Amino acid sequence: MSHSTAERLVGRDRELELLGSYVDQVVVRGGVLLLSGEPGVGKSVLLDAAARAATAAGVLVLRSAGVEFLADLSFSGLNHVLEPLLPECEGLDPAHREALTVALGAGDGAAVDRLVVYGAVLALLRRAASTRPVLLLVDDLQWIDRASAAALAFVARRLTGSRVGLLAASRPGFESFFERAGLPELTVSPLDDTAAVGLVGSRFPLLAGRELRRVLAQAQGNPLALLELPTALDASRGSAGVVLSEVLPLSRRLQDLYASRVAEMPAPTRRLLLLAALEDSGELPVLRAALPGEDVLSLLAPAERAQLLRVEHPGPGRLSFRHPLIRATVVSGSTGVQRLAAHRALAEALIDQPDRRAWHLAEATPEPDERVAALLEHTARRGRRRGDAVGAFNALVRAADLTPDPADRSRRLAEAAFVGADVAGELRTAAELLVEARRADPAIRGSLRAAAAASHVLLNRDGDVNTAHRLLVGAITTREGRSDGDDEALFEALCTLRRVCLCAGRPELWAAYHAAVSQVTVAMPPLQELLGDVYADPARSNPASLGLLDAVIHDLHRTADPSRIERIAMAALFVDRATGCRAALWPVVDDGREGGAVTSALIALVVLCLDDYMSGRWEECGRLAAEGLALCEAHGYELLAQQFHRAQGLLAAARGDDGTVGELARRISEWAVPRGIRTFEHFARHMTALSALGRGDHEEAFLDASAISPSGVLAAHAPLALWVPMDLVEAAVGSGRRSEALAHVAAMREAGLPGISGRLALVTAGSAALVASEDRAAGFFEEALAVPDAERWPFDLARVRLNYGEHLRRARAVKDARGQLAAALKTFRRLGATPWAARAAEELRATGRGAAWAHQDPESAPLTESEHRIATLAASGLTNRQIGERLFLSHRTVAAYLHRIFPKLGITSRVTLGEALASLPPGQPGAGRSAASSQS
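In the numbering used here, the protein residues as written are 1179 to 2114.
See the structure below:
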């Protein structure tokens, strides 16, 4: 099959290869192949591809297709496919010629024996193939008339050695006159997920996220549906683009795929199919309740025989449509009156299931109805508590559409906007819903729900912390008479205000938050107070608050509410407890990946990503950061995108990629500084401080770290003050600011950081060791290494070990120094922290031991033979160009080799290359040989 053909057929490489082999077979010895697959799966397109390949191979291609309304006209199919060969009939023997011309209506005569006609067809085809191969292509074989089908079946079994081929395609679920038993068959399956996404993307490149998933779910890999359904998305939306029906309306082409089979069903069966299509649980007891007195299984039997559906466990069981398009065809083929009646019947049948009943009542109610709207609102509240953010969002929008009173409609639209922005990832739609809410009731502007929803949009989309803060404080402090006793709305507004203050990181905004909280007259839940304390000033978290947080984290995996999970997990991240939240966070992420609670999933990804960084899972950290950025771009979350840039920047800083650090820091700063988002400014400072430390620029590192939290102070309202204390102390010591370093260690001790987490105990003791006198430093280092589970923070632990090793080397405790330095080097190399590994290797080399001894397994060579040869020549003093001339390589290739060699040997320049090569463990390429000896 040609390359250009393959390019046009996404996901059909296997089928194209088989068809190419089949065409080659026809050219040599003939044969038959039958294609079978559901309507729209691409059988006709594959026949087209086979026709092109056959024509290119010099084959005469004769095409025909079954036509449903001609199925009763004898030999109509055969007449169409053989018409180009009729002039060849003159060369047949008289009996065959007469039989064929009479059968095909080209001549008059008495009725002829059918076997003679079949033999005449075969003789005609063999005669035509004597000059060139012949291929019969028949589409929709299931609709070929009985006489033609019998003739083709006769011929199909007698083609071997004839250079005549028969390639036919048919749909399952139809009674066909063609006897296919024993003939080779290729089943054309739906496209797999990857190919389906690729096909949609080739035609609709901007389709993504939840809308793409809707199309993929309904198409189920059917290529025609994948290309037709996206155009129906707009027709399935209601107010502000909100999806109100999960069943996408079908184009005429898609309806035609199954419409004839559905139309053939008896009227009672079609009514039952509509009930099943609208109540997609498929539960037979529900259908029986909706059709009292009817024998449901008997009504379903014709649909089963037509392969429209399957019934599982006929007693209490359920039915399922064989393809989502069949369900959609049933719905599309019904009238509005029929659908209303079906929804009413289902609502009556689901009297004991309030949420499903509410939805059916809503679909059965074409005019505003407060009773139904209230039922849907309650459904939304229950849905949100069990974690169904999208369901809650859609229920609130539908409830608003059914609300007759403008004030209530406005309130429900505002709540829908809040859920959409806070949880479901509907920033753009939330903004449109707020506009609708203000049109319905201008007084909604100052309500808690409207303020919280607007603030989420302002914060996440625009980063406008000032306006968001002003809106929320105003709504909270003037809530009397506006909340209707809705304490939940108040607490949601406070949570939103807390997030605004956290992002801004400015004391005056936090002061307004605390002032607003002090005016609240209802009892604050303990968790609200806890989150307020930890978000505002994690460095001063008291033991009681931390104990409560630990208890909440312990049971967090039992919680279904994604908002509660991500809020608690974010607090846990500030005090090094995020690992305990991972089991609860992953389901939130998975739900967001499927188009559910997208906002919560993004925040969950932030927590998981940064916890991965702290815990040394740097590869996963990078993957999650990339995934988070893609989601942010798809849903318009500018603010959260900076969090993922932060993770990428920290990885780049630790790995010595200063160029990436500079670019990310610039990007974050340019976004955050004009908006007054100080916490995000600190993100940029953190990564540049770490990058500067890695390259030994202690002056710059100190300036950046102290901009987050001044020396001697653990700044309030600055969560990153707990991420950089050791950075600041190390930079202060390295830049000659011993008094500042001492002051900061004292502040760490005074604040009780060791009591907050093991990591902070580790870095506090490690920092104390850096400023201690020579005779006391070892004690502090040992205190750091004795912290329980210190291995949970491998990068911090390796940095402490590195500093300890340097101290021991200066104290001439060479053997002990080697142990600490080797352990640090091993961790740095595992993480890919190149500048830190180089520093540890240099220190290790200063003890008289090469870096290769510290890390390499005896069986694994640090360098390949080619790398060792280039390293040896470089150590001898040759330039890259000279090495290239000797080894017949370009100087750029030599430079690339050396770029890989230096980190492997734990060095940063050619100066120590010879020493590093000499210290290779025994058994390695060139081990123990000097550069000079290698030149001889």
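Just so it is clear, CB atoms sit at the ideal spot from N, CA and C, and this is done for glycine as well. Keep in mind the model is a prediction, meaning the values are calculated, not measured.
As computed with DSSP, residue 1365 is found in a beta bridge with 1214. Per DSSP, residue 1347 is one residue of the beta strand (DSSP E) stretching across 1342-1348. Counting along the chain, the unbroken alpha helix (DSSP H) around residue 1728 starts and ends at 1721-1732. In this structure, the alpha-carbon of residue 1294 lies about 7 Å from that of residue 1274.
Among the bridge pairs identified by DSSP, residue 1499 is matched with 1487.
About 6 Å separates the Cβ atoms of residue 1974 and residue 1937, confirming a contact at the 8 Å cut-off. For residue 1193, the number of other beta carbons within 10 angstroms of its own is at least 16, and it is reported as buried.
Following the DSSP letters along the chain, one finds residue 2054 in no beta strand (DSSP E), marked with neither H nor E. By the C-beta density criterion, residue 1813 is buried, having at least 16 other C-beta atoms within 10 angstroms. The C-alpha of residue 1238 lies about 12 Å from the C-alpha of residue 1260.
For residue 1312, the three-state secondary structure derived from DSSP is strand. Just so you know, the alpha carbons of residue 1777 and residue 1512 end up roughly 37 Å apart. The three-state secondary structure of residue 1232, taken from DSSP, is helix. Within the same chain, Cβ atoms closer than 8 Å to the Cβ of residue 1437 are found at 1507, 1511, the five residues on either side in sequence being excluded. Looking at the DSSP output, residue 1243 bridges to 1317. By DSSP's assignment, residue 1209 forms a beta bridge with 1343. A buried status is given to residue 2006, since no fewer than 16 other beta-carbon atoms sit within 10 Å of its beta-carbon. Rounded to whole angstroms, residue 1929 and residue 1579 show a C-alpha spacing of 54 Å. The region 1802-1817 makes no contact with the region 1584-1597: fewer than 3 CB pairs, one atom from each, lie closer than 8 Å. Counting C-beta pairs with one atom in each stretch, the region 1604-1618 and the region 1642-1659 have fewer than three that are closer than 8 Å, which means they do not touch. A Cβ-Cβ separation of about 17 Å leaves residue 1224 out of contact with residue 1358 under the 8 Å criterion. Apart from the 5 residues on each side of it in sequence, residue 1850 sits with its Cβ closer than 6 Å to the Cβ of 1858, 1859 in its chain, given in chain order. Residue pairing from DSSP places residue 1461 in a beta bridge opposite 1496. Under the 10 Å beta carbon count, residue 1455 is surrounded by 16 or more other beta carbons and is classified as buried. Every candidate beta strand (DSSP E) stretch fails here, since none sits fully inside the region 1564-1621 while reaching 3 residues. In the structure shown, residue 2098 falls within a coil segment according to DSSP collapsed to helix, strand and coil. Around the Cβ of residue 1699, a 10 Å sphere holds fewer than 16 other Cβ atoms; the residue is exposed. Residue burial is scored here from C-beta neighbours: residue 1896 has at least 16 other C-beta atoms within 10 angstroms and is therefore classed as buried.
Listed in chain order, the alpha helix (DSSP H) elements of length 4 or more contained wholly in the region 1857-1937 are 1876-1886, 1903-1912, 1916-1928. Residue 2068: not part of any alpha helix (DSSP H); DSSP gives it neither H nor E. Looking at the DSSP output, residue 1518 bridges to nothing. Measuring C-alpha to C-alpha distances from residue 1625 to each of 1505, 1667, 1609 identifies 1667 as the nearest.
Going by beta carbons, residue 1243 and residue 1313 fall outside the 8 Å limit.
In the DSSP assignment, residue 1789 falls within the unbroken alpha helix (DSSP H) covering 1776-1793. Here DSSP, grouped into helix, strand and coil, assigns residue 1238 to strand.
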